[in-house]
Each structure stands twice: as C-alpha cells, then as structure tokens.
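J.:
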Amino acid sequence: MEHPVERPLAIADAERRRGLLFLSFAAAFVGFALVLQMSLNNNFLVGEIGVSGRQAGFLEAVRESCGIAAFGILALMAGLGEPLVASIVLLLVWLGLSAYAFAPTYGWVMAMSVVWSQGLHLWMPLPNSMALALAEPGRAGRRLGQVGAAGALGSAAGLALAFALTLLGVKIRPLYLLGGGAALAASLACLGIPRVIRTPKQKLVFRRRYLTYYVLNFLEGWRKQITNAFAGFLLVRVHGASLPEMIALWAAIQAIGYLASPRVGRLIDRVGERRVLFLYYGTVTLLVLCYAFVRVKYLLYAVFVIDSATFALAMAITSYVGKLAPRAERTQTLSMGVAANHVASVAMPFVGGILWTTLGYQWAFLLGIPAAAASIAVVARLPRAADGTALTRGPAGVSSGAES
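What follows is the structure, encoded as structure tokens:
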C-alpha cells in the first residue's frame, strides 16, 4: 500500500516546505498515539476488561481484517486529495482510541478497535505517498527519512509522557484520551498540507513470478502475530507485568529499533537477503520456544525486547522484491505482499486464541514453529547471489532479474 514512485508537484517552494512541516507534525502525533495504544493495550485488556486468551486473539484478528478492507476503501477514494483523506481517517483513530477511556465491556472494545484500526490502516500508506509528492527532485529519500524521524520522535515523546504519568499515579483510561487527542492533532495538521496531492488507484495484481515474495509475506504475517497478539499478553496475563514495566519495555524496543534499522540495511547490502533471512527465522524459532517454556519473568522481558527488535531483519523481504521486480511493477507487487501478510495476520490470532484457551498458552506460541520452518525452507531456495546486484535465477520457477 506504499507508493514508491515520486510524483513531483507544480507548487511554490514555500508551500512545499509548509506541506512537509505539517506532514511531519502529523507523523509525530500519529507516532505518539500509536505507541500509547501499543504500550497500554495488554494491561488495559487484562486489568480493565479481563479478556481471555481466545478473546485477545479474536480482537487482534478483527483489527487486522481492517488492513484487508483498507485496499477497497482506498480504491474508492482514488482521485481525492490525500491530505483531506488523511485528515478524515485520523478522525477515526481519534474516536476509537478516545472511546477506550469509557469502554465498559469487551464488545465495546471490539467495536472501537475496528474504528481506530480502520483509520490507522487507511493512514499507513499516506505519509510516504505525500512525502514523495512534496519532495524536491532528487531529495525523495531525505524527505522520507525526515517524516520517519518525526514519527519516531513522537513515539519517544509518547512513551516518556506515559511513563511519567503512570509513576505519578495517573490511571490507564485517561491515557487513551491523551492518545486520542494526539490523533486529533494529527488530523488537524493534515489540513495544512497542499490538497493537490491525489490518492492514486490501488491495484492488487497476482503474478506467479513473485510467488516466493507473496509466500514470505504470508508467513511473516503469521510470525508477527506471535508478538503482536500474544507475547505482550503473555507477560501481563501470565506473568503479571505492570504498566510501567510494559512502557519501559516498549521504550527499549523503540530505541533498539531506531539504532538497528540502518545497520540491518547495511548488513543486507553486505551479505545479502538470503543470509539475513536465515538469521531472522532461526532467531524466531528460538524465541517462540522461549515464550512457550521459559518461566522466569525478567528473562521473558529480554526475549520480548529481542523479539520485537528482530522485526528489522524482515526488511530483507522488501529488499529482495526490490531487486526482483522492475519499477513499473513494484507498487502492485508490494501491495499484493501486504495483502498476503494481512490474510495470515487475521488467521493466526484466531487459531492461536482458540489454542490458548483449549490447550494452554504454550500452543499459541508453538504455532510459530511450522511458520518459521516453512520460511527457512522458502529462503533456502532464494538465489545465493542476492547480494545487491541482479538476480539470475529465482526459486520454484520464479524469474529473478531484470524482467522475464
């Protein structure tokens, strides 16, 4: 759902700079709101609503289904001004997160989760698209980096403020009003971005030569839900992690991710996607075994941080398709990969939640073993020469190189 093609706008430099400034503000406020939701979520579900493992899995499955719906909704919005679309969808994030402060039941949380998650999934492709449209010729990468840095700064501010407020005795529900307020501020900031940026038409196109990429994305969607749906929930529900502890863990994750991402990029360039993905899925296998069988809370805290930090290694999947697909097909290929990822992201927590309740929480994590094994088998068939130049022969009949 990203739009990597630069679309220069015929606007004055001052207006362009103003648009980038307001876009950075919006990205920072969204980062603030999103990190609050992530860090508060499990303590809220367990402490305030009292959800079971199955309910937690169902809730995550419903939230991820919004990612699939986003493709159709964005297609209907094609041709509209992106800043206006962004402002509207962020109102959904504001409404959904703020409503958590008053949620009396699991059903209420489920309904409001759909509201804010749909808004967030609609927002996700827009910052990069608007940054590319506003970027001066030859400075697209720099502008993308600036918007990304603004989001990271907002996340850091959100975690710092939430941690301070919890130490001062502020309860969890008012913090959702704070997150919702940040989303509202982001919505207002989008109104300062030039509206000449238009939403492009979203297309999902299946091409057999990219089957390996689709499969890796499907398996990655399955793997990520081990962490997103159940890892934090395990720490709170089974091991009694407090809210300040969870916020501190998320702060560590954000810091490590910030430092690790550029280094992972250089590692991919140096040793290739194949070796990086072997490292990634081998590590994932060990981590899910730790979740299932380790009983020491503070050791599991370290596992949780390492697990979340290893997501940076998954950028090798995108790097692989960047070499495989010609520019003209890249956006559609990335979109199809995101769709495959979301299909697994819906299925895994649904199945994992049932296993948690019926067989024990260990089985929700052991579901990651076959996914990791399948991923290793797929990666083993990637070209050995995936090291920064043309790929000559792909796996399983996949054509890899300039174009077939």
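This note's numbering applies: residue 73 is where the sequence shown begins, and numbers increase by one. Each residue gets a CB set at the ideal place from its N, CA and C atoms; glycine is no exception.
If you run the structure through DSSP and keep just helix, strand and coil, what is Gly125?
T.: For the purposes of this step, residue 125 is identified with residue 53 of the sequence shown, where counting begins at 1. Three-state DSSP puts Gly125 in a helix.
J.: Which residue comes first and which comes last in the alpha helix (DSSP H) that contains Pro199?
T.: By one-based count along the sequence shown, residue 199 stands at place 127. It spans Leu198 to Leu206 - the alpha helix (DSSP H) in which Pro199 sits, taken as one unbroken run.
J.: What residues in its chain sit with their C-beta under 7 Å from that of Met110, if we drop five residues either side in the sequence?
T.: Residue numbering aside, residue 110 sits at position 38 when the sequence shown is read from its first letter. Excluding sequence neighbours, Met110 sits near Trp322.
J.: Rounded to whole angstroms, what's the CA-CA distance from Phe174 to Arg245? Just pull it up for me.
T.: As a position in the sequence shown, residue 174 is number 102, starting the count at 1. As a position in the sequence shown, residue 245 is number 173, starting the count at 1. The straight-line gap from Cα to Cα measures roughly 7 Å.
J.: Who pairs with Arg270 in a beta bridge, going by DSSP?
T.: Residue numbering aside, residue 270 sits at position 198 when the sequence shown is read from its first letter. DSSP, once it has assigned bridges, lists Gly153 as partnering Arg270.
J.: What alpha helix (DSSP H) runs, 4 residues minimum, are completely inside the region 347-389?
T.: If we require 4 residues or more, the alpha helix (DSSP H) runs fully inside the region 347-389 come out as 369-381.
J.: Going by alpha carbons, who is nearest to Ala234 out of His414, Gly251 and Ala374?
T.: Reading the sequence shown from its first residue, position 162 is the one you call residue 234. It is Gly251.
J.: I need the boundaries of the alpha helix (DSSP H) containing Glu87, first residue and last residue.
T.: As a first step, residue 87 must be located in the sequence shown, where it is residue number 15. Asp85 to Phe116 is the span of the alpha helix (DSSP H), which, as asked, contains Glu87.
J.: Quick check for students: name the residue ranges of the beta strand (DSSP E) that lie wholly in the region 165-242, counting only runs of 3 or more.
T.: The qualifying runs do not exist here; there are none.
J.: For the region 409-424 against the region 329-344, do three or more pairs of beta-carbon atoms, one drawn from each stretch, fall closer than 8 Å, so that the two count as touching?
T.: Segments in contact, no.
J.: Mapping DSSP to helix, strand and coil, what is Ser314?
T.: As a position in the sequence shown, residue 314 is number 242, starting the count at 1. Ser314: coil per DSSP, three-state reduction.
J.: Applying the criterion that 16 or more other CB atoms from any shown protein chain within 10 Å of the CB defines a buried residue, is Pro197 buried or exposed?
T.: Against the sequence shown, residue 197 aligns to sequence position 125. Classification of Pro197: buried, given that the 10 Å Cβ count is 16 or more.
J.: Suppose the cutoff is 6 Å on Cβ atoms and the five residues either side in sequence are ignored; what does the same chain contact list for Thr238 look like?
T.: Here residue 238 is taken as the residue at index 166 of the sequence shown, counted from 1. Taken in chain order, the residues that qualify are Leu315 and Pro316.
J.: Let me know the secondary structure DSSP gives Gly344 once reduced to three states.
T.: One-based indexing of the sequence shown puts residue 344 at position 272. If DSSP states are grouped into helix, strand and coil, Gly344 belongs with coil.
J.: Could you tell me the boundaries of the alpha helix (DSSP H) in which Glu292 lies?
T.: By 1-based counting over the sequence shown, the position of residue 292 is 220. From DSSP, the alpha helix (DSSP H) with Glu292 extends over Leu283 to Gln297.
J.: What would DSSP say about Pro422, mapped onto helix, strand or coil?
T.: In the sequence shown, counting from the first residue as 1, residue 422 sits at position 350. Per the sequence shown, residue 422 should be read as Phe rather than Pro. Note: Phe422 maps to helix in three-state DSSP.
J.: Here's a check: name, in chain order, each residue in its chain whose Cβ is nearer than 7 Å to the Cβ of Leu306, leaving out the five neighbours to either side.
T.: Position 234 of the sequence shown, counted from the first residue, corresponds to residue 306. Correct list, in chain order: Tyr363 and Tyr433.
J.: Suppose contacts are defined by Cβ-Cβ distances below 8 Å. Is Leu249 in contact with Ser201 by that definition?
T.: Stepping through the sequence shown from its first residue, residue 249 is reached at position 177. Stepping through the sequence shown from its first residue, residue 201 is reached at position 129. Not closer than 8 Å, so no.
J.: Less than 8 Å between the CB atoms is what I'm expecting for Val118 and Val308, so what's the real figure, rounded?
T.: Translated into positions along the sequence shown, residue 118 becomes position 46. Translated into positions along the sequence shown, residue 308 becomes position 236. Right, the Cβ-Cβ distance comes to about 5 Å (below 8 Å), so this counts as a contact.
J.: Relative to the C-alpha of Asp379, which residue among Gly304, Cys262, Arg279 and Leu439 is closest?
T.: Translated into positions along the sequence shown, residue 379 becomes position 307. Ranking Gly304, Cys262, Arg279 and Leu439 by Cα distance to Asp379 puts Gly304 first.
J.: For Pro266, count the other beta carbons within 10 Å of its own beta carbon; 16 or more makes it buried, fewer makes it exposed. Which is it?
T.: Looking up residue 266 in the sequence shown gives position 194. By the 10 Å Cβ count, Pro266 comes out buried.
J.: Would you call Arg135 buried or exposed, if buried means 16 or more other Cβ atoms sit within 10 Å of its Cβ?
T.: Within the sequence shown, the letter at position 63 stands for residue 135. The residue in question, Arg135, is buried, as its Cβ has 16 or more Cβ neighbours within 10 Å.
J.: Rounded to a whole number of angstroms, what is the C-alpha to C-alpha distance between Val157 and Leu260?
T.: Numbered from its first residue, the sequence shown carries residue 157 at position 85. Numbered from its first residue, the sequence shown carries residue 260 at position 188. Whole-angstrom Cα-Cα distance: 12 Å.
J.: Which same chain residues end up closer than 7 Å to Met182 when comparing Cβ atoms and leaving out the 5 residues on each side of it in sequence?
T.: For the purposes of this step, residue 182 is identified with residue 110 of the sequence shown, where counting begins at 1. Result list for Met182: Leu131 and Val134, in chain order.
J.: On the three-pair Cβ rule with 8 Å, is the region 288-296 touching the region 440-447?
T.: Cβ pair count under 8 Å is three or more, so yes.
J.: When you compare each of Ala207, Leu351, Leu240 and Cys138 to Trp195 by their alpha carbons, which one comes out closest?
T.: Reading the sequence shown from its first residue, position 123 is the one you call residue 195. For Trp195, the nearest C-alpha among the options comes from Cys138.
J.: For Phe302 versus Phe437, is the C-beta spacing smaller than 8 Å?
T.: The count along the sequence shown starts at 1 and reaches residue 302 at position 230. The count along the sequence shown starts at 1 and reaches residue 437 at position 365. Closer than 8 Å, so yes.
J.: Between Leu161 and the rest of its own chain, which residues show a CB-CB distance below 7 Å, the 5 nearest in sequence each way excluded?
T.: For the purposes of this step, residue 161 is identified with residue 89 of the sequence shown, where counting begins at 1. Position check: residue 161 holds Val in this sequence, whereas Leu was assumed. Cβ neighbours of Val161 beyond the five flanking positions: Gly191, Leu194 and Trp195.
J.: For Gly253, report the span of its alpha helix (DSSP H) as first-last.
T.: Within the sequence shown, residue 253 is the residue found at index 181, counting from 1. Segment Ile244 to Cys262, the alpha helix (DSSP H) holding Gly253.
J.: Roughly how many whole angstroms lie between the Cα atoms of Glu87 and Leu204?
T.: By 1-based counting over the sequence shown, the position of residue 87 is 15. By 1-based counting over the sequence shown, the position of residue 204 is 132. Distance between the alpha carbons of Glu87 and Leu204 is about 15 Å.
J.: Mapping the DSSP letters down to three states, classify Val161 as helix, strand or coil.
T.: Translated into the one-based positions of the sequence shown, residue 161 becomes position 89. Correct three-state label for Val161: helix.
J.: In the DSSP assignment, find the alpha helix (DSSP H) that holds Val450 and state where it starts and stops.
T.: Position 378 of the sequence shown, counting from 1, holds the residue named residue 450. First-last of the alpha helix (DSSP H) with Val450: Gly440 to Val451.
J.: Starting from the Cα of Thr382, find the closest Cα among His414, Val348 and Gly220 and give me that residue.
T.: Counted from its first residue, the sequence shown places residue 382 at position 310. Measuring from the Cα of Thr382, the nearest candidate turns out to be Val348.
J.: In the DSSP assignment, find the unbroken alpha helix (DSSP H) run with Arg309 in it and report its ends.
T.: Along the sequence shown, one-based indexing puts residue 309 at 237. Per DSSP, Arg309 belongs to the alpha helix (DSSP H) from Gly304 to Arg309.
J.: Quick check: the Cα distance between Lys296 and Thr177, rounded to an integer number of angstroms?
T.: Walking along the sequence shown from the start, residue 296 turns up at place 224. Walking along the sequence shown from the start, residue 177 turns up at place 105. Each residue's alpha carbon lies about 27 Å from the other.
J.: So, are the CB atoms of Val107 and Gly230 less than 8 Å apart?
T.: The residue given as residue 107 occupies position 35 in the sequence shown. The residue given as residue 230 occupies position 158 in the sequence shown. A contact, by the Cβ cut-off of 8 Å.
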